[in-house]
Structures are given as C-alpha cells and as structure tokens.
Amino acid sequence: MNSFMESLRDVERKVDHLLKAQRIVIFGASSGGLQALEMLNNLNKSPSFFTDNDQGKWEKYVNGIRVVPPTELKVIDPDVIIIGSKVYEDEMMEQLSSYGLRDRAYSLDFLELLLMGKFLSRLFEKLR
C-alpha cells in the first residue's frame with residue numbers, strides 16, 4: 079500500500095509540474111506530435127517548440143510552432159518535454175538522458191490519462 083501511495087504522489091507531482099510548466103517542447107513533429115499538441119491544447123497548454131531528429135524538419139513550422147534540432151534542448155532548457163511517439167519513445171528517452179533531461183520527459187500515455195481524468199471529473203460534476 080505504501081508503494082501505491084508513493085506512486086499516486088509521484089503522479090500528482092508530475093501533473094502539477096506539467097500544469098505549471100511555461101516552456102513545453104514536443105519531441106516528434108509527426109502524427110504523434112500533433113496528437114500531443116491537441117492534448118496539450120485541451121489542457122489549455124501550448125508548446126514553445128517541436129523538436130525532431132529528422133533534419134528535414136528543422137527550422138520549419140508545424141501548426142505555427144517552430145521545429146528545432148534536439149541538441150537545442152540544452153539551450154532552451156524546457157520545463158517539460160512531451161514524447162510525441164510511442165514507437166520511438168525508448169530511443170527518445172535515451173537521447174534525453176544523454177542531455178540530462180530525462181526527468182522532464184512525459185509520455186503520450188501520461189497525457190491521455192490526464193485528459194481522461196479531466197473528462198471524468200467534468201462528467202462526475204454533471205452527475206451531482
């Protein structure tokens with residue numbers, strides 16, 4: 079039970095951190111990144127940048143948001159990095175670890191759970 083409560087507190091800390099974050103970057107400027115963008119918008123949050131390992135996307139814009147090389151993350155110093163790919167999540171996490179930014183990374187699954195919680199909260203409010 080103690081381990082379960084610690085896990086819940088950890089999730090609560092991550093939610094608080096995400097909701098207070100000012101500099102959010104989405105890692106992956108493809109379909110998963112666009113999914114992350116939509117989820118962030120539903121949480122009234124906007125990313126500052128996209129980042130992607132595809133050099134062909136660098137310095138271009140996705141939905142009006144600039145795509146930067148991953149190496150710029152060290153300079154940008156984001157509060158939160160959303161991993162916008164389930165397929166390449168492990169590789170992206172490893173890359174972020176090499177930059178010393180692994181602890182700022184959030185998965186798409188985490189965003190999905192957060193949105194589900196927000197939806198359920200509104201639903202339960204209506205049922206009162």
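Taken in order, the sequence shown gives residues 79 to 206; the numbers are from my numbering.
Even for Gly, the Cβ is constructed at its ideal location relative to N, Cα and C.
Whole angstroms is fine: what's the gap from residue i's alpha carbon to residue j's?
| i | j | result |
| --- | --- | --- |
| Lys92 | Gln133 | 31 angstroms |
| Ile161 | Asp94 | 18 angstroms |
| Leu189 | Met117 | 7 angstroms |
| Phe202 | Met194 | 12 angstroms |
| Leu174 | Lys135 | 19 angstroms |
| Val140 | Leu151 | 17 angstroms |
| Asp130 | Arg206 | 45 angstroms |
| Val158 | Ala114 | 12 angstroms |
| Ser199 | Leu191 | 12 angstroms |
| Lys164 | Met83 | 27 angstroms |
| Glu169 | Gly178 | 14 angstroms |
| Ala99 | Lys138 | 24 angstroms |
Pull up the DSSP beta-bridge partners for residue i, would you.
| i | result |
| --- | --- |
| Phe127 | Val103 |
| Tyr184 | Ile160 |
| Tyr177 | Answer is none; Tyr177 lacks a bridge partner. |
From the DSSP output, in three-state form, read off residue i for me.
| i | result |
| --- | --- |
| Arg144 | strand |
| Val165 | coil |
Counting along the chain, where does the alpha helix (DSSP H) carrying residue i start and finish?
| i | result |
| --- | --- |
| Gln113 | 109-120 |
| Asp22 | Lying before the first or after the last residue shown, residue 22 is absent from the chain, which here runs from 79 to 206. |
| Lys92 | 80-98 |
Would you please state the rounded distance, in angstroms, between the beta carbons of residue i and residue j? I believe it to be under 8 angstroms.
| i | j | result |
| --- | --- | --- |
| Pro156 | Val103 | 4 angstroms |
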